[in-house]
Amino acid sequence: MLNREEEIQFEYIDKLKLIVEEKKKALGRALTCQVTTFGCQMNARDSEKLLGVLKTVGFEETDRDDADFVIYNTCTVRDNANQRVYGRLGALKPYKKNNSEMKIALCGCMTQEKSVIEKLKKSYNFVDLIFGTHNIFCFPKLLYRMYTEDKPVVEVWESTDVIAENLPVERKYPFKSGINIMFGCNNFCTYCIVPYVRGRERSRKPEEIIEEIRSLVADGVVEIMLLGQNVNSYGKNLETPVSFAELLRRVEEIEGLERIRFMTSHPKDLSDELIEVMKDSKKICRHIHLPLQSGSSRILKTMNRCYDKERYIDLALKIRREIPDISITTDIIVGFPGEEYSDVLETIDVIDRVRFDNAFTFIYSKRTGTPAARMENQVDEATVKKHFDMVLKKVQDTARKQLERFEGQVLTVLCEGVNEQDEAFLDGRTSGNTIVHFKGGRELIGKLVDVKLTDFHGFYYDGEII
Ligand code: SAH
Ligand code: SF4
Ligand code: F3S
1 MLNREEEIQF EYIDKLKLIV EEKKKALGRA LTCQVTTFGC QMNARDSEKL
51 LGVLKTVGFE ETDRDDADFV IYNTCTVRDN ANQRVYGRLG ALKPYKKNNS
101 EMKIALCGCM TQEKSVIEKL KKSYNFVDLI FGTHNIFCFP KLLYRMYTED
151 KPVVEVWEST DVIAENLPVE RKYPFKSGIN IMFGCNNFCT YCIVPYVRGR
201 ERSRKPEEII EEIRSLVADG VVEIMLLGQN VNSYGKNLET PVSFAELLRR
251 VEEIEGLERI RFMTSHPKDL SDELIEVMKD SKKICRHIHL PLQSGSSRIL
301 KTMNRCYDKE RYIDLALKIR REIPDISITT DIIVGFPGEE YSDVLETIDV
351 IDRVRFDNAF TFIYSKRTGT PAARMENQVD EATVKKHFDM VLKKVQDTAR
401 KQLERFEGQV LTVLCEGVNE QDEAFLDGRT SGNTIVHFKG GRELIGKLVD
451 VKLTDFHGFY YDGEII
């Protein structure tokens with residue numbers, strides 16, 4: 001069933017079909033589009049919606065920079081993500097000069113920032129369409145406006161209550177899919193810009209989530225990833241509150257679904273009920289991403305993470321005790337304001353004790369408007385670099401040792417695609433999210449097979465189907 005907002009967008013989709021058809025006739029060729037994603041899984045899912053609309057109205061997908069419609073779905077969590085977008089945008093300008101049909105659009109988290117809009121208007125006035133995270137569901141309408149109005153279209157909303165998830169989607173993988181269970185974030189970690197660009201936390205109703213997963217499964221999906229900035233607080237603000245663990249129980253019952261993943265778990269809200277559900281589940285993957293950010297209780301406090309070092313370690317070790325075969329991965333920030341050598345040693349101590357299977361280590365990036373950006377004790381670049389290298393080395397050594405434990409084991413692997421280096425090989429992932437390369441034919445893509453992990457190569461395995 002479509003809601004009113006979705007119906008309106010389908011009306012624009014029909015109008016756009018005619019526009020694209022006319023253009024194709026006039027040009028005597030297909031119209032091409034390129035959708036480029038920056039940032040997290042949520043953006044990746046949003047891009048599937050953008051591409052879904054574009055293909056439905058008649059565009060052909062390309063990865064070429066001279067496409068007739070280029071859209072960047074942006075991320076602003078760290079400054080280097082922004083810089084990459086500006087760089088790519090600048091490089092598009094000459095293509096636009098050569099192709100009068102070419103249109104350029106920008107959406108996602110960056111465009112929710114006023115300073116970005118100002119910069120775009122001033123230095124990148126060749127961008128034809130700009131919208132934000134809250135009105136992405138209006139993409140058909142905005143695209144229609146772009147093609148029918150003579151000036152650039154800029155429409156960014158401060159927030160929204162609308163959830164419109166029934167628009168066309170073009171999945172990157174036929175056999176696996178992300179699915180939004182909630183939007184936004186209420187946690188306001190002091191370094192983080194996400195709550196400002198994604199708005200307040202809103203959960204989707206469990207029935208709608210289940211219905212979407214059922215239709216994905218009917219369409220060939222065997223693995224889903226439930227997406228939210230803090231899935232552990234899912235459902236708290238629904239009219240009839242439902243816990244994340246309960247949602248997982250219901251998802252588990254969906255026939256034909258083989259694997260369930262989720263992202264991201266905030267340690268402060270991870271319940272014993274969740275650990276129980278994971279332990280009893282046949283479908284929930286043996287992997288949890290549990291961002292630590294820092295191992296220093298003092299820094300965690302100023303980050304507003306609402307847990308301290310000991311609580312994090314207790315939680316992680318409890319998970320390891322209850323679900324012994326689990327992989328635990330994490331995010332770590334180095335160089336948060338006020339971080340000293342002794343704090344970095346605390347972080348390293350946590351890595352030693354929890355033994356992360358993988359960790360994404362980031363250099364702190366100052367985000368305008370966040371409380372941490374106003375803190376006076378910002379750490380100088382050389383010190384941060386030194387600390388970063390220390391943490392990175394520790395993380396890599398630990399991950400390597402951790403992953404070694406799978407050598408010789410037979411594990412179930414989802415075949416995800418042909419290996420880029422050697423066509424006779426496939427790439428797949430274990431339940432714990434370890435990458436395995438093994439000999440096999442294309443017909444296995446999307447299937448679950450048992451593979452013996454034979455040779456360990458530092459962060460991935462070679463294996464043999466048995
Ligand atoms: N909601 C997730 C994280 C989303 S952002 C959570 O709370 O776990 C992904 C990661 O980016 C974060 O875990 C954090 O490690 C990193 N990050 C966020 N803001 C950052 C900043 N200002 N500088 C550096 N890294 C940052
Ligand atoms: Fe950012 Fe914290 Fe929200 Fe994660 S929980 S998105 S780090 S504010
Ligand atoms: Fe980036 Fe937005 Fe995701 S800022 S990390 S794309 S929520």
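Numbering (the working numbering) for the sequence shown: 1 to 466.
The C-beta atom is built at its ideal place from N, Cα and C for all residues, glycine as well.
With a CB to CB cut of under 7 Å and the five nearest residues on each side skipped, what residues in its chain are close to residue i?
i    : result
R45  : G178, N180 and L227
T190 : T302, M303, N304, T370, P371 and A372
E170 : E48, L51, G52 and K55
P267 : L290, Y307, Y312 and L315
T133 : G108, C109, Q112, V197 and R198
F137 : E5, Q9, V162, A164 and L167
F262 : M225, L226 and V231
D269 : N230, N232 and S233
V217 : I254, G256 and L257
E21  : G58
E322 : I275 and K279
Among the residues of its own chain, which have a CB less than 8 Å from the CB of residue i, if the five just before and after it don't count?
i    : result
D161 : R202
V127 : L89, I104, A105, L106, L120 and P152
L247 : I181, P206, I209, L226, Y234 and G235
S159 : H134, G199 and R200
R429 : V413, L414, E416, I435 and V436
K24  : A30, L31 and G58
F362 : R78, D331, I332, I333 and V334
N99  : D66 and D68
M390 : V344 and I348
Helix, strand or coil, according to DSSP, for residue i in the structure here?
i    : result
L167 : coil
M1   : coil
T190 : coil
Y461 : strand
K452 : strand
V334 : strand
F139 : helix
N230 : coil
E201 : coil
F126 : coil
I326 : coil
E158 : coil
I476 : The structure shown does not extend to residue 476, since the chain spans only 1 to 466, so no value can be given for it.
Assuming residue i is part of the beta strand (DSSP E), what are its boundary residues?
i    : result
K176 : K176 to N180
L129 : L129 to F131
M375 : Premise fails: M375 is in no beta strand (DSSP E) and is neither H nor E.
S297 : First-last for S297: S297 to M303, but that is the alpha helix (DSSP H), not the beta strand (DSSP E).
E149 : Premise fails: E149 is in no beta strand (DSSP E) and is neither H nor E.
T361 : N358 to I363
Note down, in chain order, each residue of its chain lying with its Cβ closer than 6 Å to the Cβ of residue i, except the 5 sequence neighbours on either side.
i    : result
T36  : Y72
G463 : V436, F438, V451, K452, L453 and T454
I284 : I260 and M278
F69  : C33 and K103
V116 : M110
R145 : V153
V471 : No statement about residue 471 is possible, as the shown extent of the chain runs from 1 to 466 and does not include it.
I130 : L106, T111 and V154
T62  : T32 and Q34
For the alpha helix (DSSP H) holding residue i, just list the boundary residues, first then last.
i    : result
E404 : Unbroken run through E404: none, as it is neither H nor E.
Y312 : K309 to E322
S342 : Y341 to V354
I210 : P206 to A218
Counting only beta-carbon atoms, is residue i nearer than 7 Å to chain C?
i   : result
Y86 : Among the chains in the structure shown there is no chain C, since it carries only a single protein chain.
* Along the chain, which unbroken stretches of the alpha helix (DSSP H) at least 4 residues long are found entirely within the stretch 234-292? -> 244-252 and 272-280
* Asked: When a residue counts only if its C-beta is closer than 6 Å to some heavy atom of the ligand SF4, which residues count, in chain order?
  -> C185, N187, F188, C189, C192, V194, P195, Q229, N230 and H266
* Asked: Where are the alpha helix (DSSP H) runs, 4 residues long or more, that stay fully inside the stretch 15-65, in chain order?
  -> 41-57
* Secondary structure, beta strand (DSSP E): runs of 3+ residues fully inside the stretch 54-118 -> 69-74 and 103-108
* To do: Identify every run of the beta strand (DSSP E) within the stretch 410-441, keeping only runs that are complete inside it and at least 3 residues long; order them along the chain.
  => 410-418, 425-430 and 435-439
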